[in-house]
Structure formats: structure tokens, C-alpha cells
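Numbering of the sequence shown is given in full-length UniProt numbering, commencing with residue 1 and proceeding in unit increments.
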Amino acid sequence: MQVLPAPPKLKFSNSTTDLTPKNTTESVWLPRLTEKEFKLYSKESYDKKSYVAPQTEKCATTVKLLRPHKLSDDYLDEYLEEKSTENRTVDRDLNILMINSLIICHLNKSPKCVVPHFELVQETQWGLGWIWKMKCTKCKFISEKYKLFREIDTGRAGRKSATINYGFQTGVINCNIGNDSARLLLTSSCIPPMSKGTMQRITNTVCDKVVKLAENETEQVVESFRKRNETLGLNKNSPVKLQMDGTYQSVHIKSRHKMGQNASQVIGIACENETDNHDIIGFHLVNKLCWVGAWLRGKGYDIECPNHEYCTSNTNRHDPLSEKDLGYEIGKKIAKLDLLVDYCTTDGDAKSVQGLQEAMQEIFDPLWSVNRLADTIHRGQSQFREVLRAKFSVGMFPGATKAQRNDIKIAFANDLKLRSHGIMKCLFAKYNGDRQQISKCLPRIVKSVVNCYSGNCSDTCRWSITLCNGAIQISVSPSIGQFLHTYRRIRIFLAMP
């Protein structure tokens, strides 16, 4: 940054004061600012083409801003001091082998040097692995280079990769922390990290390997189902039961800052519902993010994803994310494995079963149908929301204010949800999952639940499954003690049409 002197003042003929400075100061050159300091001193001009110093607009001096000094992307200098020592990741057995080899080679080449003093003369970084070259400070002994990392035998010519680099990137992918966070974690431990380019290249290779491994595991799961069917005397391609759901990149489906959905990525996962393992047999990712396309559009090119080279997205950025399309793509992948699906468990607001059925009809049979089963968790939440939206009589819930009546209503909704779930669980355990026997008992249980809420729980709760002990002084189920006070009797008169 250059600070020029103030221009000379003019002399007025009628003035007795000389405004011209006696000693004109020379221009002062200050050290080049960093990017962080440059933002403190500068401000973008109105034409968006240059930067100015707004603090010196009304001053007599002139300030010229130079380009900021770009700091290195390496975080190591921020955590290391001048006297600090860095850490290295080396293989334990190879390090011990290097020490023994140094002693033997030094004894053979420099027998007169009785007590050697080894020092590191050269080190080469290979990702997180290191290659060391040692020397003795008391003699002229210089060792060979020692690789302190294990190598991966790729079968190709050239330098081999280190196992620690691929192992570290595999852990980064599974932890979902990203390369920048991983580099910051290494530098905070005083370990020199890999370069960003090397980490990204290894990440791409590891991701491809993970996808292939997942596909192979899916094929093994399907093959185990076929063997099980043959062992049970069934057709090896007998239909299976699935459970499917999708997860989005964003917590909220709507956005306050733009039109449409807030998420740009969604992944659908289908798990088998035949065993307690619930192995994944199908998945599909819909991605709208593409850095290359966004950069080209910013430069003025008419580019639309995913119809250009090096595109990472598989759908247009304006298309909505649909779980029906997820079900269709997952259905095609499952159909390629010659696997039929007859039942699929999903949440109530999803249409993934329709997409799954369309894929099965397109590949196997136009008349094939996939039946949807409701998830117990989503069914309970739907029941809770329906109770909140229902219109009850005016004097149904006690309370002096609207807030108190609303709290009792929410407690009633939670009680009804938990009671319904507990009743169905007890019925399945009592009748061993026989749906016909359960259906016969449900009408009687519904009447008992209504009587229990009305305060007549002593008549029917003792002889029916209502999760109530049938006591006269307690008109609510013990399972809702966290919502309704058990020693406070609340009579709820259901609004009849």
C-alpha cells in the first residue's frame, strides 16, 4: 500500500497565514496486505471494477491499494510455532526395520565410528506416508531411502500408492466430514496433510470402489434369498417384501429464499423386510449439483445439466425431486437381479410404491401389482395429526384458557397414539400375528377404549386389552403418565355426529 503526500496548499494574497507545508513528506510504502487485512481497508467501487479506501476520501493524502498477498492454503503454519515439532505417520514394523538396517549398514561402512548419531537428511512426502534418508553426523555415512509405508500392488508400472492414503480416505467418506475438515483435523494434530488434488483423486477412486463393493454385496444378498427359497421348496425367484424411504439433503422441504424445494439431493434406499438384518438391496441417488455447469453458466455459456461433459448431476436443476422416480429407478435395479416385489412398507405421504410397481410392470408383467404397507411410526404420527385437526365439542377438554385446552388436546392425541400402538402390539403377541383373530377383537376393543375415556373403565377395561388396569379412580392408561396426570380424573365426551 502506497500513501502519497498531501498536495501543496495555495497562497492567498489577502491572507497573512502561509498554508503551504514547510516540509513535504515523501510517499510511504507499507507492506503488502493479506486478503483478510485487504477486506478491512478496502471497499468495492460503484462500477464493480476496482477497490477504493473509503476512509481516505476526505483526507489530504492519497492511498493506492495494491493486490493482496495470497496466503497458502496449508493450515499448518497457523498451528505450528517456530519451536514446535511436526508429527509423522509411519509404519511401526517398517520403522523398526529401518533402525536395524541403519545400525548394520553403518557398522559395515564406517567401522571406526563406534557411537553413531543419526540425523534426517532428506524426507519425501507421499500423501500421509514418508520416505526417509538418514546420515551420521560423526562420519560420512549416508543411508539409502527407506519407505515407511505399505504399498498397494496395482499390477501397473510406476510408483505405487500407499495403503494409508486409501485407508484414510475410506474413513473420511464413512465419517462424512469432507476433505477440508480432514485436512484441518490433521494440521491441528501437527501432521502435514495431503494436497487437495491428491485427496480428491483418491476420493474419486475410493468412491468407485465403494459403489462396486455395494453392488457386489447386493448381488450376494439376492443370491442368498434364492438359495433360501430353493431350500424351502419354493421358486427361487419368489417375490420378497421391501421397506423403502428417501432422505433429502435439507431438513425443510420448502425454502424461504427461492421457489421450489429446498433440497438439491435425495437418496432412496430399499431394504429387504424378510429377515431381521434388513439388508440393503437397492438404492438410487438424485443429484442436481454440478460445479462445472454452474461455472460455465456464470461465464455466460448456455449450458444445462446433465447434458455436458464432466457433469456430476443426473437430473435438471429445475426438476422437482420425486420419490416416485426414486422408486422407479430402484425398481429397475432390482428387476435386473430377477427379483420380484409383492409388498413394500413406506410412509403415508410417499408415492415410491407407484414407481416401484411401474418398473415391475415394465420389465416383468403388465398386470403385476405391488401392495403398500403402512409404517407404524408414520401411521402413529398421522393419527396424532388427525386428532389435532379434528373438531371436537366445545366442552370436551377442560381448561380456563385456550392454551390449557390445547395442552389437554395434545396430551389426548399422544395418549391415543401410544394406546393404539400398544394395543396392536399386544394383539399381535397374543394371537401370534393372526389377522383374522385380531380383526374380530378390534370392534369390542374400540368400544372399551371409548368407555375408558368416558370414565367407565371399570366395566370393560378389566376384560379387554385397553392398556388400563380398570381402576375406578384412574380413567387414563398408565402408559400416558408423562402426558396426563394419573390422579386427575378427566372426563372426555367424544363428539358424536
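The beta carbon of each residue, even a glycine, is placed where N, CA and C say it ideally should be.
From the DSSP output, read off the bridge partner residues of residue i.
i: F118; result: C136
i: F364; result: Beta-bridge pairing links F364 to no other residue.
i: L373; result: T345
i: E151; result: A162
i: Y328; result: In DSSP, Y328 forms no bridge with anything.
i: Y51; result: E44
i: I142; result: K135
i: T124; result: I131
i: I280; result: C271
i: H69; result: T34
i: W291; result: DSSP output for W291 lists no bridge partner at all.
i: Q381; result: For Q381, which the question treats as bridged, DSSP gives no partner whatsoever.
Do you know how far the Cα of residue j is from the Cα of residue i?
i: C461; j: C452; result: 7 Å
i: H308; j: N216; result: 30 Å
i: F397; j: N406; result: 8 Å
i: K22; j: L30; result: At K22 the pLDDT is 46, less than 50, meaning the model places this residue with poor confidence and gives no usable figure here.
i: G171; j: L185; result: 13 Å
i: R67; j: D47; result: 18 Å
i: I202; j: I131; result: 20 Å
i: R435; j: N277; result: 24 Å
i: V206; j: L232; result: 39 Å
i: H318; j: Q261; result: 10 Å
i: S110; j: F141; result: 7 Å
i: G178; j: Q200; result: 10 Å
i: residue 509; j: I465; result: Outside the shown range of the chain (1 to 497) lies residue 509, about which nothing can therefore be said.
i: N371; j: G293; result: 40 Å
i: D245; j: L326; result: 9 Å
i: K430; j: M424; result: 10 Å
i: S313; j: N287; result: 5 Å
i: D279; j: E219; result: 11 Å
i: A400; j: K409; result: 14 Å
i: H485; j: C468; result: Low local confidence applies: a pLDDT of 39 at H485 is under 50, so the model's placement there is unreliable, with the coordinate-based value given in what follows. Between H485 and C468, the C-alpha separation is close to 14 Å.
i: V211; j: G282; result: 12 Å
i: Y310; j: Y301; result: 15 Å
i: S181; j: H252; result: 25 Å
i: M134; j: L128; result: 19 Å
i: N95; j: A214; result: 35 Å
i: G331; j: Q125; result: 47 Å
i: residue 498; j: Y328; result: Because the chain here runs from 1 to 497, residue 498 falls outside it and cannot be looked at.
i: N273; j: I164; result: 37 Å
i: R379; j: R419; result: 13 Å
i: Q404; j: G422; result: 27 Å
i: C175; j: R159; result: 29 Å
Please state the DSSP three-state secondary structure of residue i.
i: A214; result: helix
i: C271; result: strand
i: I472; result: Because the pLDDT of I472 is 44, which lies under 50, any placement of that residue in the model is unreliable, and the number read from its coordinates should be weighed accordingly. Three-state DSSP puts I472 in coil, outside helix and strand.
i: S203; result: The sequence given here places Thr at residue 203; Ser does not occur at that position. In the structure shown, T203 sits in a helix (DSSP, three-state: H, G or I).
i: I173; result: helix
i: Y285; result: The sequence given here places Leu at residue 285; Tyr does not occur at that position. Three-state DSSP puts L285 in a strand.
i: K336; result: helix
i: H318; result: coil
i: K351; result: coil
i: V266; result: strand
i: T34; result: strand
What residue range is occupied by the uninterrupted alpha helix (DSSP H) comprising residue i?
i: D302; result: No alpha helix (DSSP H) contains D302, which DSSP labels as neither H nor E.
i: I410; result: K402 to K430
i: I438; result: R435 to S454
i: S188; result: G178 to S188
Let's see if you can read the secondary structure: which residues bound the beta strand (DSSP E) around residue i?
i: I103; result: Looking at the DSSP string, I103 is not in any beta strand (DSSP E); the run it does join, the alpha helix (DSSP H), is R92 to K109.
i: T247; result: V240 to Y248
Does any heavy atom of the ligand GDP sit closer than 8 Å to the C-beta of residue i?
i: F225; result: The ligand GDP is absent from the structure shown, which contains no ligand whatsoever.
Determine, using beta-carbon pairs with one atom in the segment 264–281 and one in the segment 317–331, whether at least three such pairs fall under 8 Å. yes
So, does the segment 139–147 touch the segment 92–106, judging by three or more C-beta pairs under 8 Å? yes
Would the segment 406–416 and the segment 373–392 be scored as touching if the rule is three or more Cβ pairs under 8 Å? yes
For the pair the segment 224–241 and the segment 190–199, tell me if three or more CB-CB distances fall below 8 Å. no
Any contact of the segment 360–369 with the segment 334–343, i.e. 3+ C-beta pairs under 8 Å? yes
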